[in-house]
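Enquirer: In the working numbering, the protein residues as written are 1 to 377.
C-beta: ideal position from N, C-alpha, C; glycine also.
For reference, the structure I am asking about is given below.
Written out as C-alpha cells, the structure reads:
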C-alpha cells in the first residue's frame with residue numbers, strides 16, 4: 001500500500017509537469033497576446049520625433065512588427081540583465097531531456113524482461129541523468145557558463161553514482177531494493193516507470209535551466225557550485241563509509257563517520273548537491289516581463305495592473321517547478337527515513353531493535369539534516 005501511495009504521488013507531480021508544458025504553450029498565445037498589445041502601445045512616441053523605446057529592446061534590434069519602414073535606424077542592441085526580452089525561453093531542451101530519460105529507462109525495462117538481471121538497474125537508472133545532460137554539454141547552449149557548469153555537475157554526479165551502485169551490486173551479488181520485483185513483467189514495468197518519473201522530477205532544476213538563454217547571476221553560479229561540491233562530497237563519503245563498515249561488520253548498523261550525525265547522510269548530500277544545481281540556475285528561470293506599473297500609467301487602470309501582476313507571477317513558473325522538485329525530493333527521502341513510504345524502518349527495527357545502542361541511536365541522531373555538534377562520535 002505504501003508503494004502504491006508513493007507511486008500515485010509521483011504520477012501526480014509528473015502530470016503537473018505536463019500541465020506546465022501545456023499551460024506554457026497556452027500562455028504564448030493568450031497572455032503573450034496581451035503583452036504584445038501592451039508592447040504596441042509602448043511604440044507610440046511620447047513626443048514628436050521621439051524614438052520608440054521598443055526599438056532599443058527588441059531582440060532583433062528593430063521595431064517589432066516592422067518591415068524596415070520609416071522609423072529611425074536602430075541603435076546597437078543592449079542586452080543588460082534588466083532588459084525586457086534579454087532572455088529567450090524554449091521548452092525544446094526540456095522535452096529532449098524527458099525523451100532521453102524515458103528512452104533510457106525503456107531500455108532498462110527491455111533488458112529486465114529479457115534477462116531478469118539487476119546489474120543494469122543503476123547503470124541505466126542513475127546513468128539516465130548523465131545521458132540527458134550530454135546534449136546541453138555538446139550543443140550550442142553550452143556556450144553559457146551556467147549551462148556548462150550545471151551540465152557537468154549532473155553528468156559527474158550521474159557517473160559517480162552509477163559506477164558506485166554498479167560496483168556494489170557486483171560485489172554483493174544481489175540488490176535487495178529490487179529483489180523479486182524484476183522477476184515479473186508487471187513488476188519490472190512499475191519499477192522502470194517510477195525510475196523514469198523520479199529522474200524527470202529530480203532533474204528539473206537542471207533541465208528547466210537549459211530552457212533559458214540567460215547567463216544567470218555570477219554570485220548564484222559560484223554559490224550553487226559550492227553547494228554542489230559540498231553535497232557531492234557528503235554523499236560520496238557517506239556511501240563509502242557505509243559500504244566499508246558493512247563489509248567489515250556484517251549484521252551491525254552503521255553509526256560511524258557521517259552516519260554518527262545523521263541516520264541518512266547520503267540523503268542530505270543528495271539534497272545539498274541538487275540544491276546547488278537549483279541555485280546555479282534559479283536567476284535564469286525567471287522570465288522578464290513588462291512592468292505592470294508602466295502599463296497602469298498608460299491608462300489601463302486596475303485591470304491592466306492586475307493583468308501585469310499576473311504576468312509577473314507567471315514569469316516565476318519555471319523557478320516554482322524547480323523548487324517544488326526539491327521539496328518533493330525532501331518529502332520522498334523523509335518518507336523513506338521515517339518509514340511512511342517504505343518498510344525499511346520496520347525491517348531495521350526487527351534486525352537491530354534488540355540492541356540498546358541502536359535504540360539510543362534512532363532516538364538521538366537526526367533523520368536527515370545532520371546534528372553537526374555531535375560529529376566525531
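#1: Mapping the DSSP letters down to three states, classify residue 253 as helix, strand or coil.
#2: Buried or exposed: which applies to residue 249, given that a residue is buried once 16 or more other Cβ atoms fall within 10 Å of its Cβ?
#3: Are there 16 or more other CB atoms within 10 angstroms of the CB of residue 146, so buried, or fewer, so exposed?
#4: Under a three-way DSSP split, which group does residue 118 fall into?
#5: Is it buried or exposed for residue 318, if we count other Cβ within 10 angstroms and need 16 for buried?
#6: Closest to residue 201 by CA distance: which of 218, 307, 131 and 98 is it?
#7: May I have the straight-line CA-CA distance separating residue 275 from residue 222, to the nearest angstrom?
#8: Pairs of beta-carbons, one from the segment 239 to 258 and one from the segment 120 to 128, closer than 8 Å: are there three or more?
#9: Let me check understanding here. Comparing Cα to Cα, which of 284, 149, 231 and 159 lies closest to residue 87?
#10: So, residue 268 versus residue 370, is the Cβ gap smaller than 8 Å?
#11: Flag this pair as yes or no: are the beta carbons of residue 345 and residue 261 separated by less than 8 Å?
#12: Where do the N-terminal and C-terminal ends of the alpha helix (DSSP H) with residue 219 fall, by residue?
#13: Report all residues from its chain with a CB closer than 6 Å to the CB of residue 161; omit the five preceding and five following residues, and keep chain order.
#14: Where does residue 89 fall in DSSP's three states?
#15: Would you mind working out which of 115, 368, 112 and 91 sits nearest residue 259, comparing C-alpha positions?
#16: Select from 205, 206, 338 and 271 the residue whose C-alpha is nearest the C-alpha of residue 233.
#17: Would you mind reading off the limits of the alpha helix (DSSP H) that contains residue 266?
#18: Once DSSP output is grouped into helix, strand and coil, what is the label at residue 214?
#19: Does the separation of the CB atoms of residue 342 and residue 336 fall below 8 Å?
#20: Kindly give me the distance between the Cβ atoms of residue 155 and residue 128, rounded to whole angstroms, as I take these residues to be in contact under 8 Å.
#21: Measure the CB-CB distance between residue 144 and residue 322 and report whether it falls below 8 Å.
#22: So, is residue 238 buried or exposed, given that buried needs 16 or more other C-beta atoms within 10 angstroms?
Expert: For this structure:
#1: If DSSP states are grouped into helix, strand and coil, residue 253 belongs with coil.
#2: Its Cβ having fewer than 16 others within 10 Å, residue 249 is exposed.
#3: That one is buried.
#4: The three-state secondary structure of residue 118, taken from DSSP, is coil.
#5: Result: buried.
#6: Comparing Cα-Cα distances from residue 201 to each of 218, 307, 131 and 98, the minimum goes to 98.
#7: In a straight line, the C-alpha of residue 275 is about 13 Å away from that of residue 222.
#8: Below 8 Å, too few C-beta pairs join the segment 239 to 258 and the segment 120 to 128 to call them touching: fewer than three.
#9: When only C-alpha atoms are compared, the closest one is 284.
#10: Taking 8 Å as the Cβ cut-off, residue 268 and residue 370 qualify as a contacting pair.
#11: Contact flag unset, no.
#12: 218 to 248 is the extent of the alpha helix (DSSP H) around residue 219.
#13: If we look at residue 161 and ignore the five residues flanking it on each side, its Cβ neighbours are 126.
#14: Residue 89 falls in the strand class under three-state DSSP.
#15: Measuring C-alpha to C-alpha distances from residue 259 to each of 115, 368, 112 and 91 identifies 368 as the nearest.
#16: Proximity to residue 233 across 205, 206, 338 and 271 peaks at 271, based on C-alpha coordinates.
#17: Counting along the chain, the unbroken alpha helix (DSSP H) around residue 266 starts and ends at 265 to 281.
#18: Three-state result, residue 214: coil.
#19: In contact: residue 342 and residue 336 (Cβ atoms closer than 8 Å).
#20: 12 Å between Cβ atoms; not a contact.
#21: No. Outside cutoff.
#22: Classified as buried, residue 238 has 16 or more neighbouring CB atoms from the shown chains inside 10 Å of its CB.
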